[in-house]
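Input: a single structure, listed below in structure tokens.
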Amino acid sequence: GAGVSQSPRYKVAKRGQDVALRCDPISGHVSLFWYQQALGQGPEFLTYFQNEAQLDKSGLPSDRFFAERPEGSVSTLKIQRTQQEDSAVYLCASSPTIRQVQETQYFGPGTRLLVL
Amino acid sequence: ILNVEQSPQSLHVQEGDSTNFTCSFPSSNFYALHWYRWETAKSPEALFVMTLNGDEKKKGRISATLNTKEGYSYLYIKGSQPEDSATYLCAFPTSGTYKYIFGTGTRLKVLA
């Protein structure tokens with residue numbers, strides 16, 4: 022079956038530009054996570070959705086970052102007024118049920134964002 | 251601040267060699283530890299979920315062990331092949347939040 026997809030795969034933005042990154046999770050998956058991976062680092066948690074509800078946004082680095090999942094399926098991560106430090110790979114992951122510690126996450130291939 | 255550490259950061263091995271690397275995590279409030287493999291230009295894929303102290307799991311030539319009392323997990327690859335070249339990540343779910351904390355990964359290159 023289809024896995025998690027993300028688009029675009031690569032995005033180059035000029036500093037100050039707004040960007041929107043899309044995640045299509047596996048159909049029917051309840052949980053959706055966004056992560057940011059800076060060069061040389063591991064993925065860092067940004068936010069968590071259970072269906073359409075954003076239950077944890079503690080990892081969003083600033084109020085320039087905004088995520089939504091309005092119908093409980095596709096999710097969009099929006100970054101306003103991009104800065105060079107936003108350059109990273111943005112990963113999306115989904116899992117079948119509500120967040121359970123032993124449940125595997127299924128990852129997309131990521132969007133590589135470069136801010137010039 | 252919870253910290254998950256992986257070592258080594260990277261290593262190169264010859265085809266056929268066996269290798270292992272480590273994930274260290276907080277030993278208190280342990281619930282589970284996840285291992286993922288991330289090949290270049292692909293999606294990270296799950297290898298193992300470890301939950302019980304003393305757990306040992308195996309998938310083909312790859313196996314993992316877990317010691318929750320001392321806070322570490324080992325990943326072993328027997329007879330490494332070039333297709334094993336990838337970054338291996340461990341992830342630790344936290345209690346009280348929905349956050350997972352990832353290590354920085356071990357980048358493995360298997361030379362033919």
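One line per chain: the protein sequences are H and L, in this order.
When we follow this note's numbering, the leftmost residue of the first sequence carries the number 22, and every step to the right adds one.
When we follow this note's numbering, the leftmost residue of the second sequence carries the number 251, and every step to the right adds one.
Heads up, the beta-carbon is just placed ideally off N, CA and C, and yes, glycines get one too.
Going by the DSSP bridge assignment, what does residue i pair with across the sheet?
i	result
L/L358	L/L261 and L/A336
L/I327	L/T269 and L/I312
H/D77	H/Y69
H/I100	H/V40 and H/F86
L/I351	H/E65 and L/F342
L/H284	L/V299 and L/A341
H/L60	Answer by DSSP bridge pairing: none, since H/L60 is not bridged.
L/E289	Answer is none; L/E289 lacks a bridge partner.
L/S274	L/E255 and L/Y322
H/K32	H/L134
Measure from the C-beta of residue i to each C-beta in chain H and report whether the shortest distance is under 8 Å.
i	result
L/T354	yes
L/L361	no
L/L316	no
When you compare the CB of residue i with every CB in chain L, is at least one pair closer than 8 Å?
i	result
H/G138	Absent from the structure is residue 138 of chain H, since the part of chain H shown begins at 22 and ends at 137.
H/V95	no
H/G24	yes
H/L98	no
H/D77	yes
H/Y69	yes
Compute the minimum distance between the beta carbon of residue i and the heavy atoms of the ligand FMN, and state whether it is under 7 Å.
i	result
L/L297	The ligand FMN is not part of the structure shown, which contains no ligands of any sort.
Task: Under 7 Å (Cβ pairs) to chain H, residues found in the region 287-313 of chain L - done: Residues of the region 287-313 of chain L with a C-beta less than 7 Å from any C-beta of chain H: K292, S293, P294, A296, V299 and T301, listed in chain order.
Task: Proximal residues, the region 110-131 of chain H versus chain L, C-beta separation under 9 Å - done: Those residues of the region 110-131 of chain H that come within reach of chain L (Cβ to Cβ, closer than 9 Å) are L112, A114, R120, Q121, V122, Q123, E124, T125, Q126, Y127, F128, G129, P130 and G131.
Open item on the list: What are the residues in the region 79-93 of chain H lying within 7 Å of chain L by C-beta distance?
Closed with: So the close ones are S79 and G80.
Task: the region 262-284 of chain L: positions lying closer than 8 Å to chain H by Cβ - done: Flagged, chain order: Y281, A282 and H284.
Task: Three or more C-beta pairs below 8 Å linking the region 286-301 of chain L and the region 253-261 of chain L - done: Below 8 Å, too few C-beta pairs join the region 286-301 of chain L and the region 253-261 of chain L to call them touching: fewer than three.
TODO: Name, going along the chain, the residues of the region 315-342 of chain L whose beta-carbon falls closer than 7 Å to a beta-carbon of chain H.
DONE: Under the 7 Å Cβ criterion, the region 315-342 of chain L contributes L339.
Task: Contact the region 92-102 of chain H vs the region 30-49 of chain H: 3+ CB pairs below 8 Å - done: At 8 Å Cβ cutoff, the stretches touch.
Open item on the list: Taking 8 Å as the cut-off, does the region 265-273 of chain L touch the region 43-63 of chain H (at least 3 CB pairs, one atom from each stretch)?
Closed with: With a cut-off of 8 Å, the region 265-273 of chain L and the region 43-63 of chain H do not count as touching, because too few Cβ pairs lie within range.
Open item on the list: If contact is defined by three or more beta carbon pairs under 8 Å, each pair taking one atom from either stretch, is the region 275-284 of chain L in contact with the region 312-332 of chain L?
Closed with: The region 312-332 of chain L is in contact with the region 275-284 of chain L.
TODO: Give a yes or no on contact between the region 24-32 of chain H and the region 126-134 of chain H, applying the rule of three or more CB pairs nearer than 8 Å.
DONE: Result yes; three or more Cβ-Cβ pairs closer than 8 Å.
Task: the region 114-127 of chain H / the region 329-340 of chain L touching (three or more Cβ pairs under 8 Å) - done: The count of Cβ pairs closer than 8 Å, one atom from the region 114-127 of chain H and one from the region 329-340 of chain L, stays below three, leaving the stretches out of contact.
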